Amino acid sequence: VSIPPFTTTCHTCRGSGKVIKEHCVACKGSGISRGVKDVKVTIPPGMDSGDTIRVQNAGNFTGSGIPLGDLIIQLKVAEDPIFSRQGADIFVDAYISFTQAILGGSIEIPTLSGKSVLRV
Numbered sequence: 071v072s073i074p075p076f077t078t079t080c081h082t083c084r085g086s087g088k089v090i091k092e093h094c095v096a097c098k099g100s101g102i103s104r105g106v107k108d109v110k111v112t113i114p115p116g117m118d119s120g121d122t123i124r125v126q127n128a129g130n131f132t133g134s135g136i137p138l139g140d141l142i143i144q145l146k147v148a149e150d151p152i153f154s155r156q157g158a159d160i161f162v163d164a165y166i167s168f169t170q171a172i173l174g175g176s177i178e179i180p181t182l183s184g185k186s187v188l189r190v
């Protein structure tokens, strides 16, 4: 019985063509070590839930000679206890008394940049 010729991936180098003689403790010979990387991301104004931001070359490393992947961030805008949003518009509820509604006056309302006085 003869076995026909076949090819298989080398179990030592895993097909890379390189053999690491002294394995470091961090990667255990894989050439890749786990870690955390801080990435500064600027979120442009007007972004909304479901929008995505792509940061090139900030994703996972998949192998020697292969460029880093991209980091893709999908946004989810948190609810705010004071403001609500409809599209690009921001709303705030301000309550006034019956007397203020009839005679007018001033009330203090919260804004994105602090408090402001509004004449009724």
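Sequential numbering from 71 applies to the sequence shown in my numbering. Beta carbons: idealized from backbone N, C-alpha and C, even for Gly. Bear in mind that the values here come from a model prediction, so they are computed numbers and not experimental data.
Item                                                                                                   : Value
First through last residue of the alpha helix (DSSP H) which encompasses I142                          : Element bounds for I142: not the alpha helix (DSSP H) but the beta strand (DSSP E), L141 to Q144.
Touch test, the segment 94 to 114 against the segment 123 to 141, Cβ-Cβ under 8 Å, three pairs minimum : yes
Bridge-paired residues (DSSP) for Q156                                                                 : D159
Cβ-Cβ distance between I177 and A164 below 8 Å                                                         : yes
Straight-line Cα distance separating I142 from K107                                                    : 14 Å
Through-space distance from K110 to F76, alpha-carbon basis                                            : 49 Å
Identified DSSP bridge partners for S119                                                               : DSSP, once it has assigned bridges, lists no residue as partnering S119.
Per-residue DSSP class, three states only, for T181                                                    : strand
Three-way DSSP call (helix, strand, coil) for L138 in this model                                       : coil
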